[in-house]
Amino acid sequence: MAHVHFDNVSKSYAGGHQALSELSFEINQGEIAFLTGHSGAGKSTLLKLIMLMEKASQGQVLVDGVNLAHLSDGQIPYHRRRVGVVFQNHQLLFDRSVFENVALPLRISGYSSRDLERRVRASLDKVGLLRFEKKSPIELSGGEQQRVGIARAVVNKPSLILADEPTGNLDPKLSREIMNLFEQFNDVGVSVLIASHDVNLIAGLNHRVIALKGGRLLGDRAATVGGTDAQPGGLERG
Amino acid sequence: MAKQPLYSRVSGARHSKITTQSRWAAYVQHHKLTAMESLQRLLKSPASSAMTWVVLAIALALPMTLYVSLENVKQLSRSWDQSSQLSVYLKTETLPRFGQALSDEIQQLPHVRLAQYTSPEQALSEFSAATGLSDVVHGLEDNPLPGVISVIPNLDGMGSDALQALEQTLSQLRHVESVQLDLLWVKRLFQFMELGQRLVWALAALLGLAVLLIIGNTIRLSIESRRDEILVVKLVGGTDAFVRRPFLYTGIWFGLGGGLIAYALLSAGLYWLSGPVENLIVLYGSDFVLQGLSFGDSLILILDGVLLGWFGAWLAVARHLAKIKP
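In order, the protein sequences belong to chains A and G. All the letters of the first sequence, read from the start, carry residue numbers 16 to 253 under this note's numbering. All the letters of the second sequence, read from the start, carry residue numbers -8 to 317 under this note's numbering.
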C-alpha cells in the first residue's frame, strides 16, 4: 500500500499564488525519496499538505490510506504524531534542555516519565548526542542542533519522516552524516521524504528523486537497482 | 543507564501501545509539571508579575472592602431593629377583649417579637399621668383615644421589604384603623443598605471584568512571547488542550496570587482600623464588634480570584491561539 498518495493535488493560496498544480505521485511503505526543485517549486507546500499545515485546494492527499481532507480539526494532532518532521531551521526551543526538546512529542502523547526517559535517551543515542542531553540547544553547533531536531522527529517512532531542507545550513560532510541517519531509519522500515535543493548531495545517494518545478511534477526518477553511483544527469533541471 | 534501540523491530516502525492507566498517570504528571513551570515562569520576572498581582489584588479587594463595611453596618443596625416599633391603632368602637385577642393573634405572626395591647382607658390614664393634665382628662365626655397594640418586629436584618410586608399584614387585620411605623429612619437605613448592597454587586461586576481584562492582556503577551513554542508543540501533534494548559495555569497563578494579596490587604486594613473603631465603640457604650473577613468570605475572595484568573486566561487563549496556525 502506498504510504503517501497524492492524487491530482492542487494548492492555491489566497491572492492567487498557485503553489502546486495537479500533482500525482505515491511513496510506498518503507521507501526513501528526495523531493527536489528550486525554492518556490512547491517542496515546502507539499510537505505542509502531508502535515496538514495546509489543506489541498483540489485533489486528495492520502496518508496510510486515510484521506486527510476527512480529518476533523480534533484529529489533526493525532495525525501529526504519526509523522516525524525535521525542519530546516530545526525549530528547537532554546528555553529548555536538549533532553526536554526531544521529550516534547512524548509528553504530548502522554508517556510516563520512565518510558519517556528511556525513549529520549535511545533517540539521542541514535543521533550520537546522548552526552549533550542536559545542555541547552543554543550551546550546540548547527549540525548538532539539526541532529537534536532529528532525534525529536523520531522519538515517537513515526512510520513516516518528512524533512524540509535538513542540510540547508550544513557543510557537505555534516550533510552526508545527516543523510546517513535518514538512511538508517529507512533501513528499519520507516518511509522517508526529504526535500532538498542540494543537487550534489542527492546525486551522491542512490535514491528515488521527485523533482518539482513551478508546482508541477517535473520528473520522477527511481533509484537504480544495485547502483551506488547515481546519474545526476538523469534528473532534468530547469 | 540502559540503552535501548529506538526501533527495536525491523518491521515494527509503529507506535507502541500506551495503556489507559499510564496515560492517565502521564496526564496528571503533565498537569503538575505544567503548573510548576507556569509558576516558575511568573517568578522569573518577579517585578512585572508582582505588579500584575497587586493590580489584581486591588481590583479584588475593593468590592470586598465595601462588602465588609456593609456587613458591619448591618450588624450595627441589628440592634436598631429592636427599637423600631409599629403602632397598630384600633377602631374606636373595638372592645378591649377583642383588642386583647387581636394582640395575642399578632403575637403569633412571624417576624413579631412582641405585641402589647393598650386599652383606651389605659392609654388615657397613661396620657394624663405623663402630661399632668388629669383635670382636663377628667373633664372629657368621651375617651378620644383608641386602643393601641404596640408591635416590636423581629426582622434581624431582613430589610425594609419584610418591615413593609408586616405593616401591610397588620393593616389588613380586623378592627385595625391604621398602622404607623414609628421609626421611618429605620426604613430609610434599610433602603440605604440595599442601595449599598447593589453598589457592591455593581462594583464587583465591574472590577471582575477589569480582572478578566488584566489577565487576558497579560496572557496575550505571554502567548506572543511563546509563539515559537506553540508552533512547535502544534507541529509535533499537541492538541489544543495541551497548548492551552500552561496559559490556563498562568491565569490561575495570577488569580490565586491576586486573591491572597487582596486578603492580606483587607486583613491589614481591618487591623489598622480596629483600634480607632474600638475606642469609638467604648465611647458609645455599644456592644458592637468590628467584623473581619469570615473564613467563608476569605475563601470566596481567593476562589473568585482563581476562577477569574482561569476564565480570563481561557478567553485570551481561545481568542489568540486560533491565530497561530502552523
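Beta carbons: idealized from backbone N, C-alpha and C, even for Gly.
For residue 16 of chain G, the chain A residues whose Cβ falls inside 8 Å of its Cβ are 127, in order along the chain. Within the segment 131 to 198 of chain A, the alpha helix (DSSP H) runs of at least 4 residues that lie entirely inside it are, in chain order, 157 to 169. In terms of beta-carbon proximity, residue 92 of chain A lines the interface with chain G, with at least one pair separated by less than 8 Å. When G/154, G/44, G/285 are compared, the shortest CA-CA separation from residue 60 of chain G is found for G/285. Within the model, the alpha-carbon separation for residue 233 of chain G versus residue 74 of chain A is close to 32 Å. For residue 235 of chain A, the enclosing beta strand (DSSP E) stretches over residues 231 to 236. Residue pairing for residue 41 of chain A: DSSP places it in a beta bridge opposite A/20. Annotation note: the segment 63 to 111 of chain G contains the following uninterrupted beta strand (DSSP E) runs of length 3 or greater, listed N- to C-terminal: 77 to 81, 103 to 109. Residue 91 of chain A sits in a helix when the DSSP states are folded into three classes. Cβ atoms of residue 281 of chain G and residue 145 of chain G stay farther apart than 8 Å, at about 25 Å. In the DSSP secondary-structure assignment, residue 144 of chain G is bridged to G/103. The three-state reading of DSSP puts residue 97 of chain A in coil, since its state is none of H, G, I, E or B. Separation of residue 311 of chain G and residue 297 of chain G (C-alpha to C-alpha, rounded to the nearest whole angstrom) is 21 Å. Non-local beta-carbon contacts of residue 48 of chain A in its own chain, meaning distances under 8 Å to residues more than five positions away in sequence, involve 42, 207, 208, 209, 222, 223, 224, 225 in chain order.
Boundaries of the alpha helix (DSSP H) around residue 286 of chain G: 286 to 312. The straight-line gap separating the alpha-carbon atoms of residue 158 of chain A and residue 183 of chain A is approximately 10 Å.
Closest by C-alpha distance to residue 183 of chain G, out of G/160, G/152, G/158, G/122, is G/152.
With contacts defined as CB atoms closer than 8 Å, residue 122 of chain A and residue 226 of chain G fail to qualify as a contacting pair. The three-state secondary structure of residue 47 of chain A, taken from DSSP, is strand.
Annotated as distal: residue 178 of chain A and residue 142 of chain A, with beta-carbon spacing of 8 Å or more. At least one CB of chain G lies nearer than 8 Å to the CB of residue 66 of chain A.
Residue 228 of chain G and residue 102 of chain A have their C-alpha atoms roughly 15 Å apart. For residue 232 of chain A, same chain residues with a beta-carbon under 8 Å away, outside a window of 5 residues either side, are 38, 39, 40, 225, 226 in chain order.
A contact is defined here as three or more CB-CB pairs under 8 Å, and the segment 146 to 163 of chain A meets this definition with respect to the segment 114 to 121 of chain A. Assignment of beta-bridge partners to residue 226 of chain A by DSSP yields A/51, A/234.
For residue 153 of chain A, the nearest beta carbon of chain G is not closer than 8 Å to its own beta carbon. In the three-state DSSP reduction, residue 282 of chain G falls in the coil class, being neither helix nor strand.
Looking at the backbone, the Cα of residue 92 of chain A and that of residue 51 of chain G are separated by about 39 Å. Judged by DSSP in its simplified three-state form, residue 139 of chain G adopts strand.
Looking only at A/234, A/139, A/228, the smallest Cα-Cα distance to residue 36 of chain A is reached by A/228. Of G/117, G/15, G/181, the smallest CA-CA separation from residue 65 of chain G is found for G/181. DSSP, reduced to helix, strand and coil, places residue 206 of chain G within a helical segment of the structure shown. The criterion of a C-beta distance shorter than 8 Å is satisfied by residue 214 of chain G and residue 308 of chain G. Contact with chain G is absent for residue 160 of chain A, since none of that chain's Cβ atoms lies less than 8 Å from the residue's Cβ. Taking a 10 Å sphere around the C-beta of residue 110 of chain G, we find 16 or more other C-beta atoms and assign the residue as buried. DSSP, reduced to helix, strand and coil, places residue 112 of chain A outside both helices and strands of the structure shown, so it counts as coil.
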